[in-house]
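J.: Here it is: the structure, laid out below.
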Amino acid sequence: MKLNVLKDYPLSGLTTFKIGGAARFYIKAESPGGVCESVELAKRHGIPFYVLGGGSNLLVSDRGYDGLVVHIANTESDTATDGENVYKTCGAGVVWDSFVSECVGENLFGVECLSGIPGTVGASPVQNIGAYGQSVESLIHEVVAVDTADGNTVRFSNAQCNFSYRKSLFNSEAFGKYIIISVKFALKRVGKPSVRYHDLEKYFLKDTDVTLQEIRTAVLKIREHKGMLQMDGYRGFKCAGSFFKNPVVSGGHFDEIAGVLNVAAPNRNWYWPQSDAEVKVSAAFLIDNCFGKGFRKGRVGLAPNHTLAIVNYDDATFSEVIDFAKLIEDTVYERFKVTLDREIQILQ
Ligand SMILES: Cc1cc2nc3c(=O)[nH]c(=O)nc-3n(C[C@H](O)[C@H](O)[C@H](O)COP(=O)(O)OP(=O)(O)OC[C@H]3O[C@@H](n4cnc5c(N)ncnc54)[C@H](O)[C@@H]3O)c2cc1C
256 MKLNVLKDYP
266 LSGLTTFKIG
276 GAARFYIKAE
286 SPGGVCESVE
296 LAKRHGIPFY
306 VLGGGSNLLV
316 SDRGYDGLVV
326 HIANTESDTA
336 TDGENVYKTC
346 GAGVVWDSFV
356 SECVGENLFG
366 VECLSGIPGT
376 VGASPVQNIG
386 AYGQSVESLI
396 HEVVAVDTAD
406 GNTVRFSNAQ
416 CNFSYRKSLF
426 NSEAFGKYII
436 ISVKFALKRV
446 GKPSVRYHDL
456 EKYFLKDTDV
466 TLQEIRTAVL
476 KIREHKGMLQ
486 MDGYRGFKCA
496 GSFFKNPVVS
506 GGHFDEIAGV
516 LNVAAPNRNW
526 YWPQSDAEVK
536 VSAAFLIDNC
546 FGKGFRKGRV
556 GLAPNHTLAI
566 VNYDDATFSE
576 VIDFAKLIED
586 TVYERFKVTL
596 DREIQILQ
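In this note's numbering, the protein residues as written are 256 to 603.
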C-alpha cells in the first residue's frame, strides 16, 4: 500500500480548539492496513507518532508536533441482529454523531443522549464519552485495536476496557499503546428512552413518554444553547468541550467544601453521592464560585453557559489557554483544596 506522507501539515484546522502548529509528518489512514503501515513507517525511522481522530478533545502546542500524526479515517461498517439486540460495528474514523443519528433513525435504544458529541467512533472508548445520563461503556460490546508494540490485532471485551468516569484502559495504564480500529456496539430494539439527567427532565417537564428522536432533538438544542455543538448549521465555540473532569472527593472533604461554600448540602444540584462514601462534585459549581459565570481573561474564557469549557475567543495561543487553565486550577485548589484533573489531551 502506498502511503501518502505529507510534510509540515497544519493541525489547528483539524482540531475544534483551532489552535496549534504543524505536524512534521502527516498521514490520513483510510484503512486498518494503512494505520498499521503508518505506525511501522514511523518506527522504522525512529519518529514518534500520535493518533488523531476528530481533534475534539485535543489542544495542540503552537510549536506543533515533531513527529508523525496518523489521522484515523477508516469508515467500514456492518450491522448484525440477534433477537432484540442489534450489533453495529463501525470503523474508527466514522463520525460519532453520524453513528448516533443512524441508530436513532433506526429506533435503536441506548445512544440517544450522546447526540452531538463531536469526534470519531474510535475515540469514543478512549475517554468513555458520556452525556445527559448515558455513557458509551454501556453499549460497547468489543473494541478492536492494533498493538503498536508488535502490530498485532487485539480484541477487548467491554470488561477488559476497564471503563469508569471519563476513563478507560486506553487513556490510563495503556495510553498510546493501542490504536483502536473499530468498535462493536450492542443496541436494543426495545427499550425506554433515557430522560434521567436534570437538563433533559427540565426540557421535557417530567414528561417521560418521548421518542428517541425527540430526545436527540432536545439534546442538540441544549448543546446549542451552551455553544457546545460543532455541527454544520450550528454555532459552537472554539473549544474541546469540558476541559476539566468533575472531582470525586471523600465524604469528609465534601463537608469541608460545603463549609467553604456555605450552602446547605441538600437541594443543590452540585454534587452526586457515589457508591463508596465518596462524592462527585460539580467542577463547574466550584469554578463559578471562584470566578463567576463566563469569566474571561484576554482572548480566553469560560463558556457562559458551560463553565467547564475553556473557549478560544479570538485566535488565542496554546500558552494563553494553558495559563488560563492553570489560573482556574490554582484558584480552585487554594479555595477548596480540590485538584482539578484535565479531561482534554495535550499534544506538544
Ligand atoms: C463542543 C464539544 C462538546 C463535547 N462534549 C462532550 C461530551 O458531552 N461528553 C464527552 O465525553 N466528551 C465531549 N467532548 C469531548 C470529545 O468530543 C470526545 O472526547 C471525543 O470522543 C473525542 O473524539 P475525537 O475523535 O475528536 O478524538 P481526538 O480529540 O482526535 O483524540 C482524543 C484522544 O483520543 C486518542 N485517539 C483518538 N482516536 C483514537 C483511536 N482510534 N485509537 C486510539 N486512540 C485514539 C487521541 O490520541 C487523543 O489522545 C466534547 C468536545 C467538544 C469540542
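Every residue gets a Cβ at the ideal spot worked out from N, C-alpha and C, and that includes glycine.
Three or more beta-carbon pairs under 8 Å between the region 497-509 and the region 587-603, yes or no?
T.: Under the 8 Å Cβ criterion, the region 497-509 counts as touching the region 587-603, having at least three qualifying pairs.
J.: Along the chain, where does the beta strand (DSSP E) containing PHE272 start, and where does it finish?
T.: By 1-based counting over the sequence shown, the position of residue 272 is 17. Note, PHE272: premise wrong, no beta strand (DSSP E); not H, not E.
J.: Tell me which residues share the same chain as HIS561 and place their Cβ nearer than 7 Å to its Cβ, disregarding the 5 neighbours each side in the sequence.
T.: Here the question's residue 561 lines up with position 306 in the sequence shown. Once the five neighbours on either side are set aside, the close Cβ partners of HIS561 are LYS481, GLY482 and MET483.
J.: Taking just the CA atoms, how far does GLY507 sit from HIS486?
T.: The sequence position of residue 486 within the sequence shown is 231, counting from 1. The sequence position of residue 507 within the sequence shown is 252, counting from 1. According to the sequence provided, residue 486 is Met. The question's His does not apply to it. Near 42 Å, if we compare the C-alpha coordinates of GLY507 and MET486.
J.: Tell me the DSSP bridge mates of PHE280?
T.: Residue mapping note: residue 280 aligns to position 25 of the sequence shown, counting from 1. Bridge partners of PHE280: LYS262 and LEU323.
J.: When you compare only the Cα positions, how much space is there between HIS396 and LYS257?
T.: The sequence position of residue 396 within the sequence shown is 141, counting from 1. The sequence position of residue 257 within the sequence shown is 2, counting from 1. Rounded to whole angstroms, HIS396 to LYS257 spans 33 Å at the Cα level.
J.: In whole angstroms, what is the alpha-carbon distance linking GLY322 and THR408?
T.: As a first step, residue 322 must be located in the sequence shown, where it is residue number 67. As a first step, residue 408 must be located in the sequence shown, where it is residue number 153. Across the structure, GLY322 and THR408 are spaced so that their CA atoms are roughly 23 Å apart.
J.: Consult DSSP for ARG318 and reduce its assignment to one of helix, strand or coil.
T.: Within the sequence shown, the letter at position 63 stands for residue 318. The three-state secondary structure of ARG318, taken from DSSP, is coil.
J.: GLN415 by DSSP, collapsed to three states: which one?
T.: Mapped onto the sequence shown, residue 415 falls at position 160. In the three-state DSSP reduction, GLN415 falls in the helix class (H, G or I).
J.: Taking 7 Å as the line, does the beta carbon of GLY374 fall inside it for any heavy atom of ligand 1?
T.: On the sequence shown, position 119 is the one that residue 374 refers to. Checking the Cβ of GLY374 against ligand 1 gives yes.
J.: Would LEU296 and VAL324 be called neighbours here (beta carbons separated by less than 8 Å)?
T.: The residue given as residue 296 occupies position 41 in the sequence shown. The residue given as residue 324 occupies position 69 in the sequence shown. Against a cut-off of 8 Å, the Cβ pair of VAL324 and LEU296 comes out as no contact.
J.: What residue ranges within the region 430-458 form continuous beta strand (DSSP E) runs of no fewer than 3 residues, ordered along the chain?
T.: 433-443
J.: According to the Cβ coordinates, are ASN567 and VAL555 closer than 8 Å?
T.: For this step, residue 567 is matched to residue 312 along the sequence shown. For this step, residue 555 is matched to residue 300 along the sequence shown. In this structure, ASN567 lies near VAL555, with their beta-carbon atoms less than 8 Å apart.
J.: Could you tell me the distance, in whole angstroms, from the CA atom of TYR452 to the CA atom of TRP525?
T.: Within the sequence shown, residue 452 is the residue found at index 197, counting from 1. Within the sequence shown, residue 525 is the residue found at index 270, counting from 1. In a straight line, the C-alpha of TYR452 is about 13 Å away from that of TRP525.
J.: How far does the beta strand (DSSP E) with THR375 in it reach, from first residue to last?
T.: Numbered from 1 along the sequence shown, position 120 holds the residue referred to as residue 375. Here THR375 belongs to no beta strand (DSSP E), and DSSP marks it neither H nor E.
J.: DSSP on TYR342, reduced to helix/strand/coil?
T.: For the purposes of this step, residue 342 is identified with residue 87 of the sequence shown, where counting begins at 1. Strand, per DSSP.
J.: Tell me, to the nearest whole angstrom, how far the beta carbon of GLY309 is from that of PRO373; I am working on the premise that it is less than 8 Å.
T.: Here residue 309 refers to the residue found at position 54 when the sequence shown is read from its first residue. Here residue 373 refers to the residue found at position 118 when the sequence shown is read from its first residue. Rounded, the Cβ-Cβ distance is 6 Å, consistent with contact.
J.: From ASN312, GLN529, LEU475 and GLU292, pick the residue whose C-alpha is nearest to that of SER419; which is it?
T.: Taking the first residue of the sequence shown as 1, we reach residue 419 at position 164. Here the closest residue by C-alpha is GLN529.
J.: What do you reckon, is the C-beta of VAL306 under 7 Å from a heavy atom of ligand 1?
T.: Along the sequence shown, read from residue 1 onward, the residue named residue 306 stands at position 51. Yes, the Cβ of VAL306 comes within 7 Å of a heavy atom of ligand 1.
J.: State the DSSP-derived secondary structure class of TYR588, mapped to helix, strand or coil.
T.: On the sequence shown, position 333 is the one that residue 588 refers to. TYR588 falls in the helix class under three-state DSSP.
J.: Report the residue from GLU589, HIS326, LEU266 and PHE579 whose alpha carbon sits nearest the alpha carbon of ASN259.
T.: Start at 1 with the first residue of the sequence shown, and residue 259 comes out as number 4. Closest by alpha carbon: HIS326.
J.: Less than 8 Å between the CB atoms is what I'm expecting for SER311 and CYS368, so what's the real figure, rounded?
T.: In the sequence shown, residue 311 corresponds to position 56, counting from 1. In the sequence shown, residue 368 corresponds to position 113, counting from 1. The Cβ separation is near 17 Å, so there is no contact.
J.: Would you mind giving the Cβ-Cβ distance between LEU266 and ALA278, rounded to the nearest angstrom? I have them listed as a contact below 8 Å.
T.: For the purposes of this step, residue 266 is taken as residue 11 along the sequence shown, with counting starting at 1. For the purposes of this step, residue 278 is taken as residue 23 along the sequence shown, with counting starting at 1. Rounded to whole angstroms, the Cβ separation of LEU266 and ALA278 is 6 Å, and the two are in contact under 8 Å.
J.: Taking 7 Å as the cut-off, is the beta-carbon of ILE435 closer than that to any non-hydrogen atom of ligand 1?
T.: In the sequence shown, counting from the first residue as 1, residue 435 sits at position 180. Correct: ILE435 has its Cβ closer than 7 Å to ligand 1.
J.: CB-CB under 6 Å to ILE302, same chain, minus the five flanking residues each way: which ones, in chain order?
T.: If you number the sequence shown from 1, residue 302 lands on position 47. Once the five neighbours on either side are set aside, the close Cβ partners of ILE302 are GLY322 and LEU323.
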